[in-house]
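A.B. asks: Each residue of the sequence shown is one higher than the one before, starting from 675 at the first, in the numbering used here. By construction, the Cβ of each residue, glycine as well, lies at the ideal position given by its N, Cα and C atoms. Handing you a structure now.
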Amino acid sequence: MLPILFSIGPLHLYSLSFFLVLAWCVFSLVFWKALRREAVEEERIFDLMFWGTLVSAIVARVGFIVLHPELFARSILKMFALWVVPGLAFYPGLVAGVLTMVVLAKRKGLRAALVADALAFALPGALSIGAIGALLGGSVVGVTTKLPWAVGVVGYPGLRHPIGGYEAILLLLVLLVIGVLEIRAKRRDWPLGLLGIWFFLIISGGNFLLEFLVEHQLYWGLSANQWMLIIILGQAVGAFYVRGGGREGVKKIYGRIRRGTS
Numbered sequence: 675m676l677p678i679l680f681s682i683g684p685l686h687l688y689s690l691s692f693f694l695v696l697a698w699c700v701f702s703l704v705f706w707k708a709l710r711r712e713a714v715e716e717e718r719i720f721d722l723m724f725w726g727t728l729v730s731a732i733v734a735r736v737g738f739i740v741l742h743p744e745l746f747a748r749s750i751l752k753m754f755a756l757w758v759v760p761g762l763a764f765y766p767g768l769v770a771g772v773l774t775m776v777v778l779a780k781r782k783g784l785r786a787a788l789v790a791d792a793l794a795f796a797l798p799g800a801l802s803i804g805a806i807g808a809l810l811g812g813s814v815v816g817v818t819t820k821l822p823w824a825v826g827v828v829g830y831p832g833l834r835h836p837i838g839g840y841e842a843i844l845l846l847l848v849l850l851v852i853g854v855l856e857i858r859a860k861r862r863d864w865p866l867g868l869l870g871i872w873f874f875l876i877i878s879g880g881n882f883l884l885e886f887l888v889e890h891q892l893y894w895g896l897s898a899n900q901w902m903l904i905i906i907l908g909q910a911v912g913a914f915y916v917r918g919g920g921r922e923g924v925k926k927i928y929g930r931i932r933r934g935t936s
């Protein structure tokens, strides 16, 4: 663990903060390039990024406060002081940011499918960088393990699963898969938005399984993150059913069943 990258006198550069800023820069660059490739005006792209980032940050902080009210019981002002009580709820922030971009895109006359595909390229690499920051900062604590790559986390006994490392590897694999799917999409003329749907299908399913290795408070047998991921996965499955030909596939299967029983 390396929560502080370096210090200059009383000033400290924290690993998580540094990697979050770096992740945002990578996301912005890739997202901008992906939409510019589709001839989307720069002003519209910057509006999407600005409002998406702002809403995501606010909701992520509010989500953290809701999940950890005991940290703010003595002083409400701590809610606004990230440098005093750091913490963001990732999935509420992600969902809020994506929804903001989609809604804003529709208002500006952009196809939401373009935004979804751009997110499929921009999010994996950026999130993998953020995951490395979480690993170094010890902000995500895994359950205890005896595996040789286990790590120690300040304030927690025993050695733990390096969840941030797992997430970074998963996200890089997702980025590779998206690259392969892009080639297939061009060859088979996939509809717009399908790459984005595939991204959310893969990442929600993979992270749902990964959450079993994270030390969390459980609600009805699952963590709060897992319940959020179920919602994301359900929405992605529904979108795939409509956009990815699932509806036609079900109709074909239903037709075969009817012919077989008649």
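Would you kindly work out how many angstroms separate the C-alpha atoms of G912 and L833, rounded to a whole number?
C.D. replies: Here residue 912 refers to the residue found at position 238 when the sequence shown is read from its first residue. Here residue 833 refers to the residue found at position 159 when the sequence shown is read from its first residue. Cα to Cα, the separation comes out at about 40 Å.
A.B. asks: Figure out for me which residue from V851, V758, V733 has the closest Cα to the Cα of V772.
C.D. replies: On the sequence shown, position 98 is the one that residue 772 refers to. The shortest Cα separation from V772 among V851, V758, V733 belongs to V733.
A.B. asks: Can a CB atom of chain C be found closer than 8 Å to the CB of F680?
C.D. replies: No chain C appears in this structure, which consists of one protein chain only.
A.B. asks: Rounded to whole angstroms, how far is the Cβ of I837 from the Cβ of G816, which I believe are closer than 8 Å?
C.D. replies: In the sequence shown, the residue the question calls residue 837 occupies position 163. In the sequence shown, the residue the question calls residue 816 occupies position 142. Their Cβ separation, rounded to whole angstroms, is 4 Å, which keeps I837 and G816 in contact under 8 Å.
A.B. asks: Anyone know if the C-beta pair for L866 and L788 falls short of 8 Å?
C.D. replies: Translated into positions along the sequence shown, residue 866 becomes position 192. Translated into positions along the sequence shown, residue 788 becomes position 114. Yes; because the gap between Cβ atoms is below 8 Å, this pair is in contact.
A.B. asks: Put Y688 into one of helix, strand or coil per three-state DSSP.
C.D. replies: The count along the sequence shown starts at 1 and reaches residue 688 at position 14. Note: Y688 maps to strand in three-state DSSP.
A.B. asks: Return the chain-ordered list of same chain residues with a C-beta closer than 7 Å to the C-beta of A763, the five sequence neighbours on each side being excluded.
C.D. replies: Here the question's residue 763 lines up with position 89 in the sequence shown. Correct list, in chain order: A734, G737, F738, L741.
A.B. asks: Under 8 Å: do the segment 854-862 and the segment 799-812 share three or more Cβ pairs, one atom per stretch?
C.D. replies: No contact exists between the segment 854-862 and the segment 799-812.
A.B. asks: Rounded to whole angstroms, what's the CA-CA distance from L778 to L887? Just pull it up for me.
C.D. replies: Within the sequence shown, numbered from 1, the residue matching residue 778 stands at position 104. Within the sequence shown, numbered from 1, the residue matching residue 887 stands at position 213. In a straight line, the C-alpha of L778 is about 36 Å away from that of L887.
A.B. asks: What's the call for G918, buried or exposed, on a 16-neighbour Cβ count within 10 Å?
C.D. replies: Here residue 918 refers to the residue found at position 244 when the sequence shown is read from its first residue. Buried, by the Cβ-count rule.
A.B. asks: Would you kindly report the start and end of the unbroken alpha helix (DSSP H) that includes F662?
C.D. replies: Residue coverage of the chain in this structure runs from 675 to 936, which leaves residue 662 outside it and unanswerable.
A.B. asks: Short check: CB of S937 to CB of M675, under 8 Å?
C.D. replies: Outside the modelled stretch of the chain, which goes from 675 to 936, sits residue 937, for which no answer is possible.
A.B. asks: Where T819 and S749 are concerned, what is the direct C-alpha to C-alpha distance, given to the nearest angstrom?
C.D. replies: Against the sequence shown, residue 819 aligns to sequence position 145. Against the sequence shown, residue 749 aligns to sequence position 75. Looking at the two C-alpha atoms, the distance is approximately 36 Å.
A.B. asks: Give the single residue among G767, A747, G880 whose Cα lies nearest to the Cα of T727.
C.D. replies: Looking up residue 727 in the sequence shown gives position 53. Of the candidates G767, A747, G880, the one whose C-alpha sits nearest the C-alpha of T727 is G767.
A.B. asks: In this structure, does DSSP put T774 in helix, strand or coil?
C.D. replies: Start at 1 with the first residue of the sequence shown, and residue 774 comes out as number 100. Three-state DSSP puts T774 in a helix.
A.B. asks: Just the Cα atoms here: how many angstroms apart are G829 and V814?
C.D. replies: In the sequence shown, the residue the question calls residue 829 occupies position 155. In the sequence shown, the residue the question calls residue 814 occupies position 140. Going from the Cα of G829 to the Cα of V814 covers about 12 Å.
A.B. asks: According to DSSP, is V769 helix, strand or coil?
C.D. replies: Taking the sequence shown and counting its residues from 1, the one referred to as residue 769 is at position 95. Of the three classes helix, strand and coil, the one that applies to V769 here is helix, per DSSP.
A.B. asks: List the whole-angstrom C-beta distance separating N899 from H890, where the pair is believed to meet the contact cut-off of C-beta under 8 Å.
C.D. replies: As a working note, residue 899 is residue 225 in the sequence shown. As a working note, residue 890 is residue 216 in the sequence shown. Indeed, because the Cβ distance is near 7 Å, the residues count as touching under 8 Å.
A.B. asks: For the alpha helix (DSSP H) containing F873, list its first residue and its last residue.
C.D. replies: For the purposes of this step, residue 873 is taken as the residue at position 199 of the sequence shown. Here the alpha helix (DSSP H) through F873 covers 868-884.
A.B. asks: Going by DSSP, name the residue or residues bridged to S749.
C.D. replies: To locate residue 749, count along the sequence shown from 1; it is residue 75. According to DSSP, S749 bridges with nothing at all.
A.B. asks: If you check the beta carbons only, do V827 and T774 fall under 8 Å apart?
C.D. replies: For the purposes of this step, residue 827 is identified with residue 153 of the sequence shown, where counting begins at 1. For the purposes of this step, residue 774 is identified with residue 100 of the sequence shown, where counting begins at 1. In this structure, T774 does not lie closer than 8 Å to V827 by Cβ.
A.B. asks: State the start and end residues of the unbroken alpha helix (DSSP H) segment that holds L676.
C.D. replies: Position 2 of the sequence shown, counted from the first residue, corresponds to residue 676. Segment: none, L676 is in no alpha helix (DSSP H) and carries neither H nor E.
A.B. asks: I'd like to know whether the C-beta atoms of G804 and A731 end up nearer to each other than 8 Å.
C.D. replies: Working through the sequence shown from its first residue, we reach residue 804 at position 130. Working through the sequence shown from its first residue, we reach residue 731 at position 57. No, Cβ-Cβ distance for G804 and A731 is not below 8 Å.
A.B. asks: Determine which residues share a DSSP beta bridge with L892 and list them.
C.D. replies: Against the sequence shown, residue 892 aligns to sequence position 218. The partner list for L892 (beta bridge, DSSP) reads S897.
A.B. asks: Given this structure, state the Cα-to-Cα distance separating L847 from I904, to the nearest angstrom.
C.D. replies: Numbered from 1 along the sequence shown, position 173 holds the residue referred to as residue 847. Numbered from 1 along the sequence shown, position 230 holds the residue referred to as residue 904. For L847 and I904, the distance between alpha carbons rounds to 21 Å.
A.B. asks: Just verifying my parser: in three-state terms, what is the DSSP assignment at G829?
C.D. replies: If you number the sequence shown from 1, residue 829 lands on position 155. Reduced to three states, the DSSP call for G829 is coil.
A.B. asks: For K780, I'd like the list of residues in its chain whose CB is within less than 8 Å of its CB, leaving aside the five on either flank, ordered along the chain.
C.D. replies: Numbered from 1 along the sequence shown, position 106 holds the residue referred to as residue 780. So the list reads A786, once near-sequence residues are dropped.
A.B. asks: Near S897, which residues of its chain fall below 8 Å by C-beta distance, leaving aside the five closest residues on each side in sequence?
C.D. replies: In the sequence shown, residue 897 corresponds to position 223, counting from 1. Within the same chain, S897 has close Cβ partners E885, V888, H890, Q891.
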